[in-house]
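Under numbering that gives the first Met the number 0, think of the first position of the sequence shown as 0, with each following residue one higher.
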Amino acid sequence: MITLALTPGEPAGIGPDIAVKLLARRLPARIVVVADIDLLAQRARALGIPGQLAPWASALEPRADTLEVLHVPLRAAVTPGKLDVRNSAYVIETLERAADGCLAGTFNGMVTGPVHKGIINAAGIAFTGHTEMLAERTRTARVVMMLCGGGLRIALATTHLALRDVPGQLDAASLEQTLRILVHDLAWRYALERPRIGVAGLNPHAGESGYLGREEIEIIVPVVERLKSEGYAIEGPLPADTLFIPARLRRFDAVLAMYHDQGLPVLKYASFGHGINVTLGLPIVRTSVDHGTALDVAGSLAADESSLIEAIAAAAVMAQNARAAGRPLGAPSPSARSPRG
């Protein structure tokens with residue numbers, strides 16, 4: 000059975016709420032919640048969710064109506080909706096325990112709930128996000144952020160940057176590496192024999208032959224042509240305003256957008272509340288919900304667990320595909336290998 004670690008994230012947010020809601024669900028994998036077991040018990044009681052919480056033991060068979068928990072103690076008592084800087088170290092410890100378990104082969108992947116970056120940094124812990132932290136923990140030089148939902152897979156060439164900074168962050172070497180990771184992980188994690196990628200242009204109309212910008216001519220086209228010569232099924236640069244129409248999207252298994260708000264509004268429109276985040280390039284499987292901590296509804300039944308269910312299902316499939324491919328999790332990603340190799 001596939002075993003996945005689940006970190007609920009910020010304890011004052013909705014992460015614990017959606018975690019205990021799993022008690023009412025049939026799931027495609029064995030779930031081990033890496034969290035404070037008393038916190039989860041309190042939320043389950045407050046929400047009126049029946050079922051049992053039990054300390055996880057890998058040697059024991061999972062039981063129906065039971066949520067297994069790898070206990071990590073809180074640093075301070077939690078009030079739903081009220082952030083406490085003292086629990087920032089707890090949040091980081093849950094992530095470290097889950098990631099280390101994946102690297103050791105104890106878990107086949109990890110699913111992460113929403114964290115609050117501001118309170119973690121307020122505790123004096125430098126934290127820019129799950130993706131960067133997991134890259135450092137797994138000693139991965141480069142990762143790729145991909146959002147999935149509504150039948151779409153949209154990866155990003157750049158992530159959280161001011162729009163004015165995006166052109167300066169695009170260069171041929173980084174774009175090529177991003178595309179290699181995207182193709183490799185779609186083949187490995189999604190069992191796609193020859194992934195088809197549509198590459199968006201940076202500028203309106205993909206630069207209009209250089210009249211609206213030269214990034215397409217000087218950066219994107221040479222990279223795309225080089226990878227096509229190696230056997231990659233890549234097309235682009237394509238104007239973003241027509242790339243995302245359904246007829247064109249059917250030609251691709253994934254799209255590479257050049258910046259955050261070029262691709263994600265399309266995906267959010269197609270799948271808001273049901274989308275997920277996937278980190279490509281890591282030597283482990285990691286998926287995440289695509290929503291925040293929702294402090295205003297924490298501790299109530301208002302939180303929707305749909306994105307968490309989708310993230311679990313995706314992680315289970317990716318872990319199973321990795322197992323079927325015979326490549327153990329924890330091994331470094333051969334992101335520079337061509338499809339012919």
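C-beta atoms are modelled at their ideal positions from N, C-alpha and C, and glycine is treated no differently.
Round the Cβ separation of residue i and residue j to the nearest angstrom and send it over; I've been treating them as touching at under 8 Å.
i	j	result
M144	T130	6 Å
A256	P236	11 Å between Cβ atoms; not a contact.
I218	L279	In fact, because the Cβ distance is near 21 Å, the residues do not count as touching under 8 Å.
S270	G112	The pair is not a contact, with the Cβ atoms about 18 Å apart (cut-off 8 Å).
A43	V19	4 Å
L52	L66	5 Å
A239	G200	6 Å
I118	S87	6 Å
A154	R193	A154 to R193, Cβ: 17 Å. No contact.
G230	V114	With 8 Å as the limit, G230 and V114 do not qualify as a contact, their Cβ atoms being about 39 Å apart.
V265	F243	5 Å
G12	A297	5 Å
Quick one: residues in its chain with C-beta nearer than 6 Å to the C-beta of residue i, no 5 flanking neighbours on either side, listed in chain order?
i	result
E309	H273, I275
Y89	L73, R74
A97	A4, T6, V33, M109
R336	Model confidence at R336 stands at a pLDDT of 43, short of 50, so the residue's coordinates are unreliable and nothing is read from them.
A314	L3, G108, V110, V284, T286
L94	T6
I17	A302, E304, L307
P184	Per the sequence presented here, residue 184 reads as Asp, with Pro not at that position. Cβ neighbours of D184 beyond the five flanking positions: L279.
List the endpoints of the continuous alpha helix (DSSP H) containing residue i.
i	result
H129	129-136
P245	245-248
V223	220-228
V165	165-168
L307	305-323
E95	87-103
I124	It is not in any alpha helix (DSSP H) - I124 carries neither H nor E in the DSSP assignment.
Can you tell me where the beta strand (DSSP E) holding residue i begins and where it ends?
i	result
A34	29-34
M109	108-111
H183	Segment 171-189 is the alpha helix (DSSP H) holding H183; no beta strand (DSSP E) there.
E235	The identity of residue 235 in the sequence shown is Gly, whereas the question assumes Glu. From DSSP, the beta strand (DSSP E) with G235 extends over 232-237.
R152	151-155
E67	65-70
V254	253-256
Consult DSSP for residue i and reduce its assignment to one of helix, strand or coil.
i	result
L263	helix
G200	coil
T286	strand
P10	coil
L39	helix
T139	coil
L3	strand
M145	strand
R193	coil
V277	strand
L21	helix
L52	strand
T78	strand
R213	coil
V84	helix
V296	helix
Say whether chain C places a C-beta atom closer than 7 Å to the C-beta of residue i.
i	result
L73	Chain labels in this structure do not include chain C; a single protein chain is all it has.
Once you ignore the five residues that flank residue i on each side, which residues in its own chain have a CB closer than 8 Å to its CB?
i	result
L38	P10, P15, L73, V77
L281	L133, A134, T137, T139, V142, S332
E234	R195, I196, G197, V198, V223, R250, F251
L174	A156, I218, I219, V222
N202	L211, G212, E214, E215
D170	I218
L160	Q168, Y258, H259
A318	I1, L3, A28, N107, G108, V284, L328
K227	I233
D64	L22, P49, G50, Q51
Select from the options the residue whose C-alpha is nearest the C-alpha of residue i.
i	options	result
R249	R163, R152, V19	R152
D83	V223, L162, A122	A122
G197	H290, L178, R213, W187	L178
L22	M0, G8, V68, S57	V68
A186	A324, R225, G150, R136	A324
M0	I13, I30, V71	I30
N320	Y189, A154, L294	Y189
R24	P49, K227, A161, R247	P49
P79	S305, L300, R322	L300
Q261	R85, V316, L162, L294	L162
K81	L307, S306, D295, A318	D295
G167	P203, R213, S208, L242	R213
H70	P54, R85, E60, R62	P54
S306	Y231, A172, E229, L146	L146
I91	G298, L59, A318, K116	K116
A172	R225, H183, S208	R225
P61	G209, A28, V316, A40	A28
R322	I124, G104, Q176	G104
Considering only residues of the same chain and omitting the five flanking positions on each side of residue i, which have a CB-CB separation below 7 Å?
i	result
T341	With the chain covering 0 to 340 only, the question about residue 341 has no answer from this structure.
L26	I311
P100	Note that residue 100 corresponds to Gly in the displayed sequence, not to Pro. The residues are A4, F106.
N120	F126
A293	G12, I13, A302
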